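Position one of the sequence shown corresponds to residue 31 (this note's numbering), numbered consecutively onward.
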Amino acid sequence: MTSLKIVPANPHASYVAHKDEIDTAVARVLDSGWYILGQEVEAFEREYAAWNEVAHCMGVANGTDALELSLRACGVGSGDAVFTVSNTAVATVAAVERCGAVPILVDVDPVTFTIDPNCLEDVVNQVVAAPDHYGEAKAIIPVHLYGHPADMPAILAIAQKHNLFVIEDCAQAHGATLNGRKVGTWGDIAAFSLYPTKNLGAFGDAGVICTNNDELAHNVRLIRQYGWEERYISLIPGLNSRLDPIQAAILRVKLQYLDQDNDGRVKWADRYNTLLKETTLSLPIPLTGARHVYHQYILKTAEPAQRDDLRQYLHERGIGTQILYPMPIHQQPAYNGRIPIIRKLDITEKLVNYIMNLPVYPELAGEDIEEVAQHILNWHAGLSS
Ligand SMILES: Cc1ncc(COP(=O)(O)O)c(C=O)c1O
């Protein structure tokens with residue numbers, strides 16, 4: 031058990047909040063005798079499709095698989111070039127490589143932390159001009175990082191110009207909107223993680239794919255279960271990436287509270303923004319037209335040393351923080367020197383030294399937010415003295 035008073039993320043609190051309903055849902059699956067796909071998974075898929083305002087929704091084993099299956103459904107394969115970012119969960123890049131494709135990493139916007147459309151356009155142009163060298167340009171994976179939507183209109187314009195698929199990585203952004211439109215409805219297909227700490231989290235691994243495209247939905251359904259349309263007859267090579275019905279039953283309960291939970295995250299983020307506005311910290315203010323759902327509340331300190339100092343200060347007072355992510359993917363041992371860097375990732379490499387996150391989940395109390403903010407204000411007062 032942790033000795034922290036306020037932990038950075040707390041999926042157990044979301045179990046406690048809805049314990050009776052969740053226990054009933056789990057018992058229903060156990061009593062049903064049906065343990066693979068079936069009614070519970072189909073009901074969750076219907077409910078999530080309605081909630082995310084898409085035609086099709088397919089439950090899969092986790093968010094990494096959701097990305098891989100989305101790429102495969104679009105026909106991305108060996109040697110193809112896929113554009114994404116380096117400041118994301120390693121899963122985004124790992125999924126590209128699992129398809130045999132080549133991840134081409136693009137720098138990000140310093141305010142939204144999401145893919146910079148100007149850099150993207152430049153990098154896409156270079157790859158399109160030299161397919162023999164880089165592979166055929168096939169897809170873009172914008173990541174709606176921390177809960178803030180990427181600049182989808184600009185990304186779609188580049189994709190249309192070069193005939194690229196757009197696969198949204200929505201793992202951190204269930205319910206985020208841009209110009210009133212939900213993430214996961216902009217691109218060709220979208221992958222969501224339902225990892226326990228996500229805005230919609232299972233109590234184990236789970237993921238879901240959304241699309242309005244009938245053919246892509248059909249492809250995903252085949253690939254997630256060995257290429258079967260009819261049992262035991264594989265039409266195409268597939269794999270096993272099925273959503274567990276017990277997780278589906280839990281998710282059906284939690285989906286009913288997702289809007290309310292997102293509102294809770296926004297409320298706490300707004301409160302931090304108010305309480306900390308007189309400091310030298312850079313706070314996560316959403317762009318006009320964007321609804322940020324604060325999977326993470328990320329602030330930036332004025333200097334890297336201050337970031338480490340503030341984290342230590344809070345830790346000593348029982349407040350847990352994290353750095354997501356501490357090292358860009360292209361610098362990690364598994365990828366360093368192996369992934370082509372076409373245009374320098376200056377912003378990505380710089381940001382990593384300044385960022386940290388504060389606890390922001392819906393089950394926190396107003397007093398928790400006040401306490402975290404007060405410690406930060408005390409620390410900040412010490413900076414100038
Ligand atoms: C941006 C992003 N993409 C993909 C994933 C992968 O999801 P999972 O852990 O469910 O495989 C995650 C979660 O860790 C994520 O945050």
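Each residue gets a CB set at the ideal place from its N, CA and C atoms; glycine is no exception. The structure displayed is predicted, hence computed values, not measured ones.
{"query": "Could you name the residues of the same chain whose beta carbon sits closer than 6 Å to that of L97, not counting the 5 residues immediately before and after it, in chain order?", "result": "A125, A221"}
{"query": "May I ask you to report which of helix, strand or coil DSSP gives G217?", "result": "coil"}
{"query": "Determine the direct distance from the alpha carbon of I349 to that of M31, and round the result to whole angstroms.", "result": "Legend: pLDDT at M31 = 48, less than 50; position of this residue unreliable, value from coordinates given subsequently. Going from the Cα of M31 to the Cα of I349 covers about 14 Å."}
{"query": "Tell me the DSSP secondary structure of M31 in three-state form.", "result": "Here the model assigns M31 a pLDDT of 48, short of 50, so the residue's position is not dependable and the matter cannot be decided."}
{"query": "Which ranges would you report for the alpha helix (DSSP H) in the segment 326-397 if only whole runs of at least 4 residues count?", "result": "334-346, 376-381"}
{"query": "Under the criterion of a Cβ to heavy atom distance below 6 Å, does A55 qualify as lining ligand 1?", "result": "no"}
{"query": "Output the boundary residues of the alpha helix (DSSP H) element that contains E245.", "result": "244-253"}
{"query": "Could you work out which residue in N249, E260, Q277, V154 is closest to D235 when comparing CA atoms only?", "result": "Q277"}
{"query": "With DSSP collapsed to three states, give me the class of D274.", "result": "coil"}
{"query": "Below 8 Å on the Cβ atoms is my guess for A206 versus H322; work out the distance and round it to an integer in Å.", "result": "6 Å"}
{"query": "With DSSP collapsed to three states, give me the class of R261.", "result": "coil"}
{"query": "Taking T94 as part of the alpha helix (DSSP H), name the residues at either end of that continuous run.", "result": "93-103"}
{"query": "Grab the span of the alpha helix (DSSP H) containing V141 for me, first residue to last.", "result": "Segment: none, V141 is in no alpha helix (DSSP H) and carries neither H nor E."}
{"query": "May I ask you to check if the CB of N229 is nearer than 6 Å to at least one heavy atom of ligand 1?", "result": "no"}
{"query": "State the start and end residues of the unbroken beta strand (DSSP E) segment that holds D199.", "result": "195-199"}
{"query": "Per DSSP, what kind of secondary structure is K168 in: helix, strand or coil?", "result": "strand"}
{"query": "Excluding the 5 residues flanking N366 on each side, which residues of the same chain have their C-beta closer than 7 Å to its C-beta?", "result": "H360"}
{"query": "Under a Cβ-count criterion, where at least 16 other Cβ atoms within 10 Å of its own Cβ denotes burial, should L60 be classed as buried or exposed?", "result": "exposed"}
{"query": "Thinking D137 and R373 are a contact (beta carbons under 8 Å), I'd like their distance in whole angstroms, please.", "result": "7 Å"}
{"query": "What are the boundary residues of the beta strand (DSSP E) that A111 is part of?", "result": "111-115"}
{"query": "In whole angstroms, what is the alpha-carbon distance linking A47 and V283?", "result": "11 Å"}
{"query": "Let me check understanding here. Comparing Cα to Cα, which of E198, I170, G177, L175 lies closest to K191?", "result": "I170"}
{"query": "Between P370 and L135, what straight-line distance do the alpha-carbon atoms span, to the nearest angstrom?", "result": "8 Å"}
{"query": "Among all the DSSP beta bridges, which residues are the ones paired with F1?", "result": "Given that the chain is displayed from residue 31 to residue 415, the structure contains no residue 1 and the question cannot be resolved."}
{"query": "Buried or exposed: S33, going by 16 or more other Cβ atoms within 10 Å of its Cβ?", "result": "exposed"}
{"query": "How about K212 and N82: are their beta carbons less than 7 Å apart?", "result": "yes"}
{"query": "On a CA-only basis, which of A320, I66, P389, A187 is nearest R301? Give me that one, please.", "result": "P389"}
{"query": "For the pair the segment 375-389 and the segment 332-349, tell me if three or more CB-CB distances fall below 8 Å.", "result": "yes"}
{"query": "Take the Cβ of N408 as the centre, count every other Cβ of all protein chains shown within 10 Å, and call the residue buried at 16 or more, exposed below.", "result": "exposed"}
{"query": "With a threshold of 6 Å, establish whether the CB of S223 neighbours any heavy atom of ligand 1.", "result": "yes"}
{"query": "Just reading off the alpha helix (DSSP H) that Q192 is part of, what are its end residues?", "result": "Before going further, note that residue 192 is His rather than Gln in the sequence given. Element bounds for H192: 182-192."}
{"query": "Residues in the same chain with beta-carbon distance under 7 Å from Y327, minus the five sequence neighbours each way, listed in chain order, please.", "result": "A299, Y302, P314, N387, L388, V390"}
{"query": "Should the segment 246-265 be called in touch with the segment 101-121, which here means at least 3 C-beta pairs below 8 Å?", "result": "yes"}
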